[in-house]
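Each residue of the sequence shown is one higher than the one before, counting from 75 in this note's numbering. All C-beta atoms, glycine included, are put in the ideal place defined by N, C-alpha and C. Structure, as structure tokens:
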Amino acid sequence: MAKFVMTKKQALEIAQAAGAGKSAKVIELLRQIDGANTRGTWKYYANKLAQWIDQGMPDNTPFSVWNLDGNNKLPFASFSTLPGVTCPGAGACWFVDNVAGAGYCYTVKSWRYPTALFRQVQNTLLIKSAIGRKLITKKTMELPAGIDCRLYVDGDFDSLLTVTYWFVLLRSRPDLRVYGYSKSWQLLLDYATKRAPKIGWPDNYLLNLSNGASAEHLRAQVSQLPIVRGDFIAVEIDKKLKGKYNTPEYKSAVRTAGIDAGIKKAFVCPGKCGTCTKSGHFCGRSDTKQTPVLIGVH
């Protein structure tokens, strides 16, 4: 058998199969990955994921459903799915000339790590099945009390069913402080008219509206929803400044790009969640509503 070398194209093939809920195809692609089956390798993690799927996705998931470990940029509990294939509102962030994964979505860069890609595959398969959502509910109910959570670091609400599922679940854990970013604006508007009158909105969830959506004409309408904190806008800056969050040059470039885009007053994201203000992270605070947040495309 020819060796399977993990490339962006091949990762996208796995992602597309998972996004379509084709578990058998995902298993097939995972088992094609060659190399040494030793801890920490692509082969090792691919085998773990393939075996779990083949067993019917039992409770002992190969990767934690909620990532409680955090990292240098995100010290909160977080949940992710695959980008693009779960993002019905994706535009320039995901597509360039109709080519999937060619946009500026930063998640694709994380796919150089097998655990990042495969956790997203796992959670995508879970959110798309009844048995999987039951397991996510179990893991969510087990989260420590009163913690900060980011719902969708990667990926987005993929359907009205998923939006409804999460909002009902978050209402059952009012102690959690949850925030996120989304471009699934039509789904949120559908929820407002079809589900919210009977179910309501979660009081413990704040939503930031990303740019790069395929339906920018809906921004003004969706911004009126009660869960929306405000806009989170990625602006183009000099590539040499990308990631240099704490430098005066970076902040000046971001502010200038914002002004050029018609945003005169905004908060510049420092790149590291949880440290941006003394009163808590800006994107998760209800008292910052309607103040745009700017960040350089990264």
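When you compare the CB positions of residue i and residue j, do they come within less than 8 Å of one another, or not?
| i | j | result |
| --- | --- | --- |
| Cys343 | Leu368 | yes |
| Ile273 | Thr238 | yes |
| Gln194 | Thr135 | no |
| Pro276 | Phe306 | no |
| Thr160 | Thr214 | no |
| Ser256 | Asp230 | yes |
| Phe150 | Arg224 | yes |
| Gly332 | Val309 | yes |
| Ser288 | Leu261 | no |
| Asn278 | Leu250 | yes |
| Leu299 | Ala327 | no |
| Pro44 | Val139 | An answer regarding residue 44 cannot be provided, because it is not within the stretch 75 to 372 covered by the chain. |
| Lys314 | Gly370 | no |
| Gly175 | Lys82 | yes |
Which partner residues of residue i appear in the DSSP bridge assignment?
| i | result |
| --- | --- |
| Cys167 | Cys167 pairs with nothing; no bridge assigned. |
| Val309 | Gly370 |
| Val173 | Val170 |
| Val182 | Answer is none; Val182 lacks a bridge partner. |
| Phe153 | Leu225 |
| Ser256 | Leu283 |
Whose C-beta lies closer than 8 Å to the C-beta of residue i among residues of the same chain, with five residues either side of it excluded?
| i | result |
| --- | --- |
| Ile88 | Val100, Leu103, Leu104, Leu191 and Val195 |
| Ser184 | Ala190, Leu191 and Asp228 |
| Tyr226 | Phe153, Ser154, Thr155, Gly254, Tyr255 and Ser256 |
| Lys363 | Val302, Arg303 and Gly304 |
| Ala335 | Ile307 and Val309 |
| Glu323 | Leu315 |
| Thr321 | Leu315 |
| Tyr133 | Looking at the sequence provided, one finds Asp at residue 133 rather than Tyr. Once the five neighbours on either side are set aside, the close Cβ partners of Asp133 are Leu209 and Lys212. |
DSSP three-state label for residue i, please.
| i | result |
| --- | --- |
| Met75 | Note on Met75: pLDDT 37, under 50, position unreliable in the model; the coordinate value appears next. If DSSP states are grouped into helix, strand and coil, Met75 belongs with coil. |
| Arg193 | helix |
| Gly93 | helix |
| Arg251 | strand |
| Leu141 | Note that residue 141 is Asn in the sequence shown, not Leu. Here Asn141 sits in strand by DSSP. |
| Pro188 | helix |
| Gly358 | helix |
| Thr198 | helix |
| Asn121 | helix |
| Gly206 | helix |
| Arg113 | coil |
| Val100 | helix |
| Asp133 | coil |
| Trp127 | Residue identity check: residue 127 is Ile in the sequence provided, not Trp. Of the three classes helix, strand and coil, the one that applies to Ile127 here is helix, per DSSP. |
| Lys83 | helix |
| Thr365 | coil |
| Ile107 | coil |
Once you ignore the five residues that flank residue i on each side, which residues in its own chain have a CB closer than 7 Å to its CB?
| i | result |
| --- | --- |
| Met80 | Ile107 and Trp116 |
| Ser353 | Arg359 |
| Tyr119 | Pro188, Thr189 and Phe192 |
| Phe137 | Thr189, Phe192, Arg193 and Gln196 |
| Gly206 | Met131, Leu199 and Leu200 |
| Asn121 | Asn111 |
| Asp312 | Ala327 |
Between which residues of its own chain and residue i is the CB-CB distance below 6 Å, once the five residues before and five after are set aside?
| i | result |
| --- | --- |
| Met75 | Confidence is the limiting factor: at Met75 the pLDDT is only 37, short of 50, which leaves the residue's position unreliable, though a coordinate-based value still follows. Same-chain partners within the cutoff: there are none. |
| Leu280 | Tyr253, Arg303 and Gly358 |
| Phe78 | Because Phe78 carries a pLDDT of 47, less than 50, the predicted location of this residue cannot be relied on, and the following value inherits that uncertainty. Cβ within range, chain order: Gln106, Ile107 and Asp108. |
| Gly177 | Ala166, Cys167, Trp168, Phe169 and Val170 |
| Trp259 | Gly163, Ala289, Leu292 and Val296 |
Query raised in the report: What are the start and end residues of each continuous beta strand (DSSP E) run of 3 or more residues lying completely inside the region 209 to 247, in chain order?
Result: 222 to 225
Query raised in the report: In chain order, which continuous runs of the beta strand (DSSP E) of length 3 or greater are located wholly inside the region 267 to 355?
Result: 279 to 284 and 302 to 309
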